[in-house]
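Trainee:
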Amino acid sequence: MPFNEVVLNDGNKMPTIAFGTGSKWKGHDVTTLVEQALESGFSHVDTAAVYQTEQYVATAIRESGLSRSEFFVTTKYSRYTAESLPEGIQQSLQNLELKQVDLYLIHSPMNVPNLQTAWKEMETIQAQGLARSIGVSNYLLKDLETTMVTAKVTPAVNQISLNPYNYTAMKSTIDYCKKHGIVVEAYSSLAPITRYPGGPVDVPLKAAAKRLGITPTQAIFLWLRAKGIVTVTTTSKKDHMEEYLAVGDLDSLTEEEVLAIDKAGVKGPPSLVRVALRRGYDRATASPTKALFTLGVASFMMYQGLRLW
Numbered sequence: 001m002p003f004n005e006v007v008l009n010d011g012n013k014m015p016t017i018a019f020g021t022g023s024k025w026k027g028h029d030v031t032t033l034v035e036q037a038l039e040s041g042f043s044h045v046d047t048a049a050v051y052q053t054e055q056y057v058a059t060a061i062r063e064s065g066l067s068r069s070e071f072f073v074t075t076k077y078s079r080y081t082a083e084s085l086p087e088g089i090q091q092s093l094q095n096l097e098l099k100q101v102d103l104y105l106i107h108s109p110m111n112v113p114n115l116q117t118a119w120k121e122m123e124t125i126q127a128q129g130l131a132r133s134i135g136v137s138n139y140l141l142k143d144l145e146t147t148m149v150t151a152k153v154t155p156a157v158n159q160i161s162l163n164p165y166n167y168t169a170m171k172s173t174i175d176y177c178k179k180h181g182i183v184v185e186a187y188s189s190l191a192p193i194t195r196y197p198g199g200p201v202d203v204p205l206k207a208a209a210k211r212l213g214i215t216p217t218q219a220i221f222l223w224l225r226a227k228g229i230v231t232v233t234t235t236s237k238k239d240h241m242e243e244y245l246a247v248g249d250l251d252s253l254t255e256e257e258v259l260a261i262d263k264a265g266v267k268g269p270p271s272l273v274r275v276a277l278r279r280g281y282d283r284a285t286a287s288p289t290k291a292l293f294t295l296g297v298a299s300f301m302m303y304q305g306l307r308l309w
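Numbering-wise (full-length UniProt numbering), the sequence shown opens with residue 1 and increments by one.
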């Protein structure tokens, strides 16, 4: 189940799918999950100081028996865990039991007092050999433009929240990244399925999935691949890990399918009320009590005057 590698603008290579250890795993022992991910075929693990999972990633990698060249580790700096970037990278290296991370990111532009000064410190970290590649996360167009004014090294990666519903809003940032050879990584790309079920994107996703004999989840990952965007994803289920990795062997979406997903995404996700109603309906047969609670929440939101999509 091979996923291609992408060559970064500094010449280093990065696997194009990563197993994430953030979001709902923050502060949890993810050793077993990362072990399963590595066994399933993931070679890229994404973590961050603020996730408080670096030490568990280290344990999983150590127990896997993989050689250093067989795995790729991304971690991120946060001002909430270290006062400075030099301190942050040293803490992360200690937690990860590594001498060098493959990719070090500034977790957010809000994590540093000055974008240009922070990036200069990142360049020093790379020059010292503490990180093979350096980049940013959650940077918008204006943040990138500010950083690039004084940058001697172009960020290798910009990791952002991206799915069909916010693609149009993020397109100027994505276009800037492509122009400057900055690889875009996407997290939370499954939001149309996990967070906004029943929205307009469901239709073209299901149509593409039906044509290819795949799942809507895999169709979203193919949509990212068509855009040249790297996937960061997570799950606690091994069968889902295998489902995600199988995308590496799948045929591509057609241009028409990609465009249909784009156009549906422009319409925006369903309202929270509609999502609650949909979930209440889905749960009705499995658990009437939960269904009534969910529908009650939806009714309250309607009473408060929220708009149904």
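Positions of the beta carbon are idealized from the N, C-alpha and C atoms, including for glycine.
Predicted, not measured: the structure shown is a model, and the values here were computed from it.
Buried or exposed, going by whether 16 or more other CB atoms sit within 10 Å of the CB of TYR167?
Mentor: TYR167 comes out buried.
Trainee: If you drop the 5 nearest sequence neighbours on each side, which residues of the same chain put their C-beta closer than 7 angstroms to that of VAL232?
Mentor: Here the set comprises ALA18, GLY20, ASP46, GLN159, GLU185, ALA186 and TYR187.
Trainee: Per DSSP, THR31 forms a beta bridge with which residues?
Mentor: Its beta-bridge partners do not exist; DSSP assigns none.
Trainee: Give every residue of the same chain whose Cβ lies closer than 7 angstroms to the Cβ of LYS238, excluding the five residues on either side of it in the sequence, and list them in chain order.
Mentor: Here the set comprises GLN36 and SER40.
Trainee: Does DSSP put GLU83 in a helix, in a strand, or in coil?
Mentor: Three-state DSSP puts GLU83 in coil, outside helix and strand.
Trainee: Suppose contacts are defined by Cβ-Cβ distances below 8 angstroms. Is LEU105 in contact with VAL73 by that definition?
Mentor: In this structure, VAL73 does not lie closer than 8 angstroms to LEU105 by Cβ.
Trainee: With a threshold of 16 other CB atoms inside 10 Å of the CB of THR234, please say whether the residue is buried or exposed.
Mentor: Label assigned to THR234: buried.
Trainee: When you compare the stretch 144 to 156 with the stretch 188 to 204, are there three or more beta-carbon pairs, one atom per stretch, that lie closer than 8 angstroms?
Mentor: Contact fails: fewer than three Cβ-Cβ distances are below 8 angstroms.
Trainee: Out of curiosity, what's the CA-to-CA distance linking SER43 and PRO15?
Mentor: Between SER43 and PRO15, the C-alpha separation is close to 7 angstroms.
Trainee: Go through its chain and collect everything with a Cβ distance to PRO216's Cβ below 7 angstroms, but skip five positions before and after it.
Mentor: Same-chain partners within the cutoff: ILE193, LEU205, LYS206 and ALA209.
Trainee: What is the DSSP secondary structure of THR254, reduced to helix, strand or coil?
Mentor: Looking at THR254 - three-state DSSP - the assignment turns out to be coil, as it is neither helix nor strand.
Trainee: For a quick check, are the C-beta atoms of ASP29 and TYR56 less than 8 angstroms apart?
Mentor: Yes.
Trainee: How about GLY264 and PRO164: do their beta carbons lie closer than 8 angstroms?
Mentor: In the sequence on display, residue 264 carries Ala and not Gly. Yes, Cβ-Cβ distance for ALA264 and PRO164 is below 8 angstroms.
Trainee: Between THR32, THR75 and LYS120, which has its C-alpha nearest GLN100's C-alpha?
Mentor: When each option's Cα is compared against that of GLN100, the closest is THR75.
Trainee: What residue does the alpha helix (DSSP H) around PRO216 start on, and which one ends it?
Mentor: Run containing PRO216: 216 to 226, per the alpha helix (DSSP H) assignment.
Trainee: Who are the near neighbours of GLN304 in its chain, counting only those whose CB is closer than 6 angstroms to its CB and skipping five residues on each side?
Mentor: Note that GLN304 has pLDDT 40, beneath the 50 cutoff, so the model's placement of it is unreliable and no number is given.
Trainee: Counting only the same chain and skipping the five closest in sequence on each side, list residues whose C-beta sits under 6 angstroms from that of HIS180.
Mentor: Cβ neighbours of HIS180 beyond the five flanking positions: THR154.
Trainee: Run through the DSSP bridge pairs and tell me what GLN159 is partnered with.
Mentor: According to DSSP, GLN159 bridges with SER137 and GLU185.
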